[in-house]
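Student:
Numbering (my numbering), first residue to last: 25 to 269.
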């Protein structure tokens, strides 16, 4: 597991990384990260119904959704809205406490045959992430919502909200780079989590990265099918609820 190393640099400099080359800028760095490689034990999820979003940071739903793999790759914009509606309906049924659910992103991943031996900066599809992280921090959650819904701040400002991900394979059963999940109860948020400026081509995000701890317990879903939906929380507006890294 490629954890973020605990370095003295972070006492004076905030962690950051970019998704674009900076070779043409004198003295620029793409990142100030150092990697702490650790061998960790991954436990197979035996009982999908055991996991609770508000306790462990993730849960697993069994539900049928209609997203053709070929269409997802070739005409994502045309089919993603119908898929979003299905996901939103499932989440409303599972989590009636949410008064409103809005989708704003649909990411399709396809591992490059040479990954991870060769890591290309630009590929057709996003690759598996090798560093434990959440896509956004508490502050990053507001940045994400503002970017996704410009001019609509009256709908979310002053309101309590979560940023959730729904993860499933397009073709299953899948055992190729399955998603690794760390039980929130085994993370010490005060010392294990590092806020990170994620510098993008068009904007700046803030996400959360994870430092190693012997206490961490990792899980994965063996032979995940298209009907196995892993739901996990990236962040919440109050920064108080269980989340996933």
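The C-beta atom is built at its ideal place from N, Cα and C for all residues, glycine as well.
I need the straight-line Cα distance from residue 140 to residue 152, nearest angstrom please.
Tutor: Here the question's residue 140 lines up with position 116 in the chain shown. Here the question's residue 152 lines up with position 128 in the chain shown. The straight-line gap from Cα to Cα measures roughly 9 Å.
Student: Taking the C-alpha atoms as reference points, what is the distance between residue 44 and residue 227?
Tutor: Translated into the one-based positions of the chain shown, residue 44 becomes position 20. Translated into the one-based positions of the chain shown, residue 227 becomes position 203. Distance between the alpha carbons of residue 44 and residue 227: 12 Å.
Student: What are the boundary residues of the beta strand (DSSP E) that includes residue 256?
Tutor: Here the question's residue 256 lines up with position 232 in the chain shown. Unbroken beta strand (DSSP E) run through residue 256: 252–260.
Student: Just tell me which of 26, 206, 223, 195 has its CA closest to the CA of residue 256.
Tutor: For this step, residue 256 is matched to residue 232 along the chain shown. Answer by Cα proximity: 206.
Student: When DSSP labels each residue in this structure, what does residue 139 get in the three-state scheme?
Tutor: Residue 139 sits at position 115 when you count from the first residue of the chain shown. Note: residue 139 maps to coil in three-state DSSP.
Student: Given 8 Å as the limit, is there contact between the segment 209–228 and the segment 179–188, that is, 3 or more CB pairs closer than that?
Tutor: Cβ pair count under 8 Å is below three, so no.
Student: Give the single residue among 168, 156, 214 whose Cα lies nearest to the Cα of residue 241.
Tutor: Residue numbering aside, residue 241 sits at position 217 when the chain shown is read from its first letter. With distances taken between Cα atoms, residue 241 lies closest to 156.
Student: Consult DSSP for residue 157 and reduce its assignment to one of helix, strand or coil.
Tutor: Walking along the chain shown from the start, residue 157 turns up at place 133. If DSSP states are grouped into helix, strand and coil, residue 157 belongs with the strands.
Student: Using a 10 Å radius around the Cβ and a threshold of 16 neighbouring Cβ atoms, would you call residue 190 buried or exposed?
Tutor: The residue given as residue 190 occupies position 166 in the chain shown. Per the 10 Å Cβ criterion, buried.
Student: Please go through the same chain and pick out, in chain order, the residues whose beta-carbon is closer than 7 Å to the beta-carbon of residue 85, but skip the five residues on each side of it.
Tutor: On the chain shown, residue 85 is found 61 positions in, with the first residue counted as 1. Same-chain partners within the cutoff: 114, 118, 253, 255.
Student: Using the three-state DSSP reduction, which class does residue 111 fall into: helix, strand or coil?
Tutor: Taking the first residue of the chain shown as 1, we reach residue 111 at position 87. Three-state result, residue 111: helix.
Student: Taking the CB atoms as reference points, tell me whether residue 164 and residue 259 lie closer together than 8 Å.
Tutor: Position 140 of the chain shown, counted from the first residue, corresponds to residue 164. Position 235 of the chain shown, counted from the first residue, corresponds to residue 259. Yes; because the gap between Cβ atoms is below 8 Å, this pair is in contact.
Student: Could you check the C-alpha separation between residue 243 and residue 78 for me, to the nearest Å?
Tutor: For the purposes of this step, residue 243 is taken as residue 219 along the chain shown, with counting starting at 1. For the purposes of this step, residue 78 is taken as residue 54 along the chain shown, with counting starting at 1. Going by the C-alpha atoms only, they are around 17 Å apart.
Student: Does the segment 122–139 come within contact of the segment 102–110, defined as at least 3 CB pairs closer than 8 Å?
Tutor: As far as the Cβ criterion goes, the segment 122–139 touches the segment 102–110, which means the pair count is three or higher.
Student: Which residues does DSSP list as the beta-bridge partners of residue 248?
Tutor: Counting from 1 along the chain shown, the entry for residue 248 is found at position 224. Per DSSP, 198.
Student: Residue 70: which of 214, 246, 266 sits nearest, CA to CA?
Tutor: The residue you call residue 70 lines up with position 46 of the chain shown. Selected option, being the one with the closest Cα: 246.
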